[in-house]
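In our numbering, the protein residues as written are 618 to 707.
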């Protein structure tokens, strides 16, 4: 990877992280839903995921699972795609 490629990759990673800074800083505590989850409209979807799907997401990655689920929130799917792009090694 060239210096320019590394800088582009860093900028893409920084943008994804900046978009979820609140998620990183506000951890879920107890049974109360985090504010960021409510604000993004993810709470119902994530809460209602069947256990088998949660296990599949843990095994294969949430992004792989979301691509197959029609009712997945678009913003969550987009985040998963962004994360996959930045962690994919060249």
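No residue lacks a Cβ here, since even glycine has one placed at the ideal position from N, Cα and C.
Shortest Cα-Cα distance from residue 648 to any of 639, 660, 656 and 641 involves 660. If you draw a 10 Å sphere on the C-beta of residue 697, you find 16 or more other C-beta atoms in it, and that means buried. The Cβ-Cβ distance between residue 693 and residue 683 falls below 8 Å. In this structure, DSSP gives residue 628 a helical state, which the three-state scheme calls helix. Taking the Cβ atoms as the reference, residue 699 lies roughly 4 Å from residue 633, within the contact range of under 8 Å.
Considering only 685, 665, 686 and 678, the residue with the shortest C-alpha distance to residue 704 is 678. In this structure, the CA atom of residue 652 is about 22 Å from the CA atom of residue 674.
Shown here, residue 649 sits in a strand according to DSSP, grouped into three states.
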